[in-house]
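Colleague:
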Amino acid sequence: MTGLRFAHVLDQEGREIAAQGLDAATIERLSAPRPKLCGLSLDRPRLMGILNVTPDSFSDGGDHASRAEAVAQARAMVEEGAEILDIGGESTRPGAQAVAVEEEMARVVPVVAALRAAGLTVPISIDTRNGATARAALAEGADMINDVSALTHDPGMAGVVAEAGVPICLMHAKGTPQEMQRAPRYDDVLAEVLEALGHRIEAAVAAGIARDRILVDPGIGFGKDLGHNLTLLRSLTAFHGFGLPLLIGVSRKRFIGTIGGAEAPKDRMPGSIAVALWASQQGAQVIRVHDIKETRQALELQHALMREEP
Ligand code: 9MG
Numbered sequence: 003m004t005g006l007r008f009a010h011v012l013d014q015e016g017r018e019i020a021a022q023g024l025d026a027a028t029i030e031r032l033s034a035p036r037p038k039l040c041g042l043s044l045d046r047p048r049l050m051g052i053l054n055v056t057p058d059s060f061s062d063g064g065d066h067a068s069r070a071e072a073v074a075q076a077r078a079m080v081e082e083g084a085e086i087l088d089i090g091g092e093s094t095r096p097g098a099q100a101v102a103v104e105e106e107m108a109r110v111v112p113v114v115a116a117l118r119a120a121g122l123t124v125p126i127s128i129d130t131r132n133g134a135t136a137r138a139a140l141a142e143g144a145d146m147i148n149d150v151s152a153l154t155h156d157p158g159m160a161g162v163v164a165e166a167g168v169p170i171c172l173m174h175a176k177g178t179p180q181e182m183q184r185a186p187r188y189d190d191v192l193a194e195v196l197e198a199l200g201h202r203i204e205a206a207v208a209a210g211i212a213r214d215r216i217l218v219d220p221g222i223g224f225g226k227d228l229g230h231n232l233t234l235l236r237s238l239t240a241f242h243g244f245g246l247p248l249l250i251g252v253s254r255k256r257f258i259g260t261i262g263g264a265e266a267p268k269d270r271m272p273g274s275i276a277v278a279l280w281a282s283q284q285g286a287q288v289i290r291v292h293d294i295k296e297t298r299q300a301l302e303l304q305h306a307l308m309r310e311e312p
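Start counting the sequence shown at 3; every next residue gets the next number (this note's numbering).
#1: Quick one: using the 10 Å Cβ neighbour count with 16 as the cut-off for buried, is Leu199 buried or exposed?
#2: Cutting at 7 Å between CB atoms, please list the residues of its own chain near Pro220, excluding the five before and the five after it.
#3: Grab the span of the beta strand (DSSP E) containing Gly290 for me, first residue to last.
#4: Okay, do the segment 183 to 195 and the segment 159 to 172 touch, 3+ Cβ pairs below 8 Å being the bar?
#5: Could you name the residues of the same chain whose beta carbon sits closer than 7 Å to that of Gly83, not counting the 5 residues immediately before and after it, in chain order?
#6: Look at the alpha carbon of Arg187 and the alpha carbon of Pro179, and state the distance between them as a whole number of angstroms.
#7: What number of angstroms, rounded off, separates the C-alpha of Ala206 from the C-alpha of Val162?
#8: Going by DSSP, what residue range makes up the alpha helix (DSSP H) through Leu217?
#9: Between which two residues does the beta strand (DSSP E) carrying Met107 extend?
#10: Does the beta-carbon of Gln204 have 16 or more other beta-carbons within 10 angstroms, so that it is buried, or is it exposed?
#11: Does the distance from the C-beta atom of Ala136 to that of Ile126 stay below 7 Å?
#12: Quick one: what does DSSP say Arg48 is sitting in, helix, strand or coil?
#13: With respect to 6 Å, is the separation between the Cβ of Thr178 and the closest non-hydrogen atom of ligand 1 below this value?
#14: If we count Cβ pairs, one from each stretch, closer than 8 Å, do we get three or more for the segment 281 to 289 versus the segment 258 to 270?
#15: Have a look at Pro112 and Arg69 and give me their C-alpha separation to the nearest angstrom.
#16: Give me, in chain order, the residues of the same chain whose beta-carbon lies closer than 7 Å to that of Ser151; leave out the 5 immediate sequence neighbours on both sides.
#17: Can you check which of these residues, Glu310, Gly41, Val291 and Arg202, is closest to Met79 by C-alpha distance?
Next up, the structure:
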């Protein structure tokens with residue numbers, strides 16, 4: 003008995019290995035309980051709700067009005083079952099233009115302050131590639147950083163995170179949001195993403211970020227085509243080899259619309275839930291979603307069915 007939930011796992015080269023044949027150190031790395039994330043145990047998948055604070059997300063009826071709307075939306079998300087909020091002021095959709103750091107800060111930081119002033123205690127993640135935004139948001143009460151550039155965009159980011167001692171998600175992306183979907187190419191997508199993430203973990207640790215504060219994410223849709231996304235999703239167990247919590251974001255992404263025949267992102271909820279269930283079954287510890295209530299219900303049913311007792 004290995005104590006693992008998987009009969010087979012993938013090694014860091016993507017080869018399938020029978021769990022029975024693993025040595026004790028590998029089993030320990032794969033199965034050791036992950037440290038708590040912002041006070042949340044990671045013994046079941048946690049839902050990270052997406053709260054975009056870009057100009058098209060809320061009314062432009064003035065700063066106060068849009069802040070109040072963001073607080074109301076955050077409250078509703080928490081009531082629906084979001085356990086972490088991921089707040090972002092710069093769109094990272096394929097083709098999106100970068101925004102100035104000052105503009106990003108002006109969008110995100112007052113919302114974090116307003117959420118805390120309104121008494122919301124939910125852990126807040128800041129979706130940013132910029133150290134200055136991270137620093138200011140942490141000062142207002144944010145708890146962790148989600149950096150889709152894995153510390154490659156801003157040389158100042160690692161120091162901010164190291165100094166604050168907060169968790170950071172290192173996501174793999176090939177290229178920047180502006181150009182990443184222009185014919186991405188890999189010889190072996192799984193091996194290359196694993197290797198790149200391994201290097202980013204080493205860089206983070208070398209910059210003073212504690213290893214046990216790091217989450218990893220293969221970056222579905224970030225410089226990947228349909229085949230790359232499917233290969234990575236089929237191989238999620240390989241990412242547990244880092245011994246770190248795994249965060250997965252697939253919600254409403256293009257490949258779901260392509261396979262599921264849903265052109266508009268808002269019509270991609272059923273496919274998003276199907277992939278969230280898949281990620282949960284592969285042991286992902288954090289799942290980043292738009293449709294919280296619906297994903298929560300699906301995960302509850304999955305959990306009930308997988309439990310051994312009645
Ligand atoms: C900001 N953002 C959009 N998609 C994402 C994903 O898949 N993972 C993470 N960590 N962040 C994402």
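Note that beta-carbon positions come from the ideal geometry of N, C-alpha and C, so glycine has one too. These figures come from a predicted structure and were not determined experimentally.
Modeller: Taking the coordinates as given:
#1: By the neighbour-count rule (16 or more Cβ atoms within 10 Å), Leu199 is buried.
#2: Excluding residues within five positions, the ones whose Cβ falls inside 7 Å are His174, Val195, Leu234 and Phe241.
#3: According to the sequence as given, residue 290 is Arg; it is not Gly. Membership of Arg290 in the beta strand (DSSP E) is indicated by the continuous run Val288 to Val291.
#4: Counting Cβ pairs under 8 Å, fewer than three are found: no touch.
#5: Hits under 7 Å: Leu49, Ile294, Lys295 and Arg298.
#6: Whole-angstrom Cα-Cα distance: 15 Å.
#7: C-alpha separation (whole angstroms): 11 Å.
#8: First-last for Leu217: Ile216 to Asp219, but that is the beta strand (DSSP E), not the alpha helix (DSSP H).
#9: Element bounds for Met107: not the beta strand (DSSP E) but the alpha helix (DSSP H), Val103 to Ala119.
#10: Checking the displayed sequence, the identity of residue 204 turns out to be Glu instead of Gln. Glu204 is exposed by the Cβ-count criterion.
#11: For Ala136 and Ile126, no; Cβs fall outside 7 Å.
#12: Under the three-state reduction of DSSP output, Arg48 falls in the strand class.
#13: Thr178 Cβ: outside cutoff for every heavy atom of ligand 1.
#14: By the criterion of at least three beta-carbon pairs nearer than 8 Å, the segment 281 to 289 is not in contact with the segment 258 to 270.
#15: Here the alpha carbons of Arg69 and Pro112 stand approximately 7 Å from one another.
#16: Counting only Cβ-Cβ distances below 7 Å, and skipping sequence neighbours, we find Arg131 and Ala175.
#17: The residue with the shortest Cα to Cα distance from Met79 is Val291.
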